[in-house]
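At position 24 of the sequence shown (counting the first as 1) the number is 24 in my numbering, and the numbers step up by one without a gap.
Taking it in order: structure first as structure tokens, then the write-up.
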Amino acid sequence: MKNLSIIVPVYNSALSLAELVNQLSQVLPTIASQYELIFVEDDSRDSSWDVIRELVSRYPWIRAFKHMRNYGQHNALLCGIRHARYEYVVTMDDDLQHPPSEVIKLLDKLDEGYDVVYGRPQAEQHGFLRDMASQVTKLALQSAMGVDVARNVSAFRAFRTHLRQAFGSYESPYVSIDVLLTWGTTRFAAIPVRHEPRRLGVSNYTLSKLIRHALNMMTGFSTLPLQIASIIGFVLTIFGILVLIYAVGRTLFEASVPGFPFLASVIAIFSGAQLFALGIIGEYIARIHVRSMGRPASVVREALGDPSDSPSEG
């Protein structure tokens, strides 16, 4: 059996936390010799932190950190990963859609020589728009990660803790755990797991948040947008040359000059291309500016659970 750290980012999930811990308390002793559960409470608006306080007082193998403000799911995960004590890390959501009983499948797949294993939902339990946004996000992630398994990523993942050495000095506020893991390994895998419908509360991952996360991955961890801007600029330059040849040819052979609407449309095309390219370049410059300010990925307001306590044994 393995030594295992379970990391759960928490946001507005007071209703589901007790049941999540109850299920984990039944599963973890059967699959791990030493284990811990790390809650990272991302400045919820409900009573999640009060519930976590009560759970920490009842279970010595639970630790918790509360952020000073809402930093986002991946920033919360990074905080938990940096505090993990054991050999293996499993990340999962706080809404019970990732069944704790499925953790053993991820760990068994790791034993086949992989460093990161994702639990791919057998069937998504979200709405149509949310599922479509998830697919767009995964496409963006694939360009940032550069690995085929990117299309199968999920928040339910298991990996070897030593991978965090590859991003130990990472301090940017723009975080994607999946991209950071590629800094330490290329041995990824994905397996099908059950994905339960959410029974308590509502999802905190809205369509706008998914789109924002996709944009952050594209501009924060990939040069693809710059390459797209270069290709568009090249294509429009060729188009402009062809238009110039056409205009000169009509002037020489037909003694006529293309009218104002045509010229205005050409100018609009090139102006739009320039603004498009400048916008992308500006986004990268803005990220460089934020990085130069030394803004942290997250800041902990309060911590519960003593990391020096004797570890739990199954």
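No residue lacks a Cβ here, since even glycine has one placed at the ideal position from N, Cα and C.
Three-state secondary structure assigned by DSSP to residue i
i, result
"residue 310", "At residue 310, the pLDDT of 48 sits below 50, so the modelled position is not reliable; the number obtained from the coordinates is stated separately. Looking at residue 310 - three-state DSSP - the assignment turns out to be coil, as it is neither helix nor strand."
"residue 152", "helix"
"residue 58", "helix"
"residue 301", "strand"
"residue 72", "coil"
"residue 45", "coil"
"residue 67", "strand"
"residue 114", "coil"
"residue 36", "strand"
"residue 168", "coil"
"residue 120", "strand"
"residue 225", "helix"
"residue 192", "strand"
"residue 284", "helix"
"residue 100", "helix"
"residue 84", "coil"
"residue 175", "coil"
Endpoints, the beta strand (DSSP E) within which residue i is located
i, result
"residue 30", "No beta strand (DSSP E) holds residue 30; the alpha helix (DSSP H) holding it covers 17-31."
"residue 161", "Here residue 161 belongs to no beta strand (DSSP E), and DSSP marks it neither H nor E."
"residue 186", "Note, residue 186: premise wrong, no beta strand (DSSP E); not H, not E."
"residue 3", "2-10"
"residue 88", "88-91"
Minimum C-alpha distance to residue i - residue among the options
i, options, result
"residue 5", "14, 39, 23", "39"
"residue 282", "63, 297, 226", "226"
"residue 101", "115, 193, 301, 61", "193"
"residue 300", "37, 173, 43", "43"
"residue 96", "30, 19, 171, 114", "19"
"residue 83", "269, 66, 98", "66"
"residue 77", "37, 105, 99", "37"
"residue 232", "104, 98, 197, 273", "273"
"residue 184", "50, 237, 228, 114", "114"
"residue 1", "99, 285, 28", "28"
"residue 26", "79, 103, 230, 267", "103"
"residue 230", "156, 41, 276", "276"
"residue 270", "285, 288, 237, 249", "237"
"residue 173", "45, 288, 197", "288"
"residue 41", "85, 187, 68, 253", "68"
"residue 280", "253, 32, 228", "228"
With 16 other Cβ atoms within 10 Å as the buried cut-off, status of residue i
i, result
"residue 112", "exposed"
"residue 121", "buried"
"residue 17", "buried"
"residue 310", "Any reading at residue 310 must be qualified, since the residue scores a pLDDT of 48, below 50, and its modelled position is unreliable; no value is offered."
"residue 235", "exposed"
"residue 64", "buried"
"residue 108", "exposed"
"residue 34", "buried"
"residue 278", "exposed"
"residue 94", "buried"
"residue 246", "exposed"
"residue 80", "buried"
"residue 242", "exposed"
"residue 263", "exposed"
"residue 119", "buried"
"residue 286", "exposed"
"residue 196", "exposed"
"residue 267", "exposed"
Unbroken alpha helix (DSSP H) run spanning residue i, endpoints
i, result
"residue 350", "Outside the shown range of the chain, which is 1 to 314, sits residue 350, and nothing can be said about it."
The segment 9-27 in contact with the segment 69-78 per 3-pair CB rule at 8 Å: yes
Stretch-stretch touch, CB-based, cutoff 8 Å, three pairs: the segment 152-168 with the segment 177-184: yes
Touch test, the segment 50-57 against the segment 296-307, Cβ-Cβ under 8 Å, three pairs minimum: yes
The segment 79-91 contacting the segment 156-163, beta-carbon criterion three pairs below 8 Å: yes
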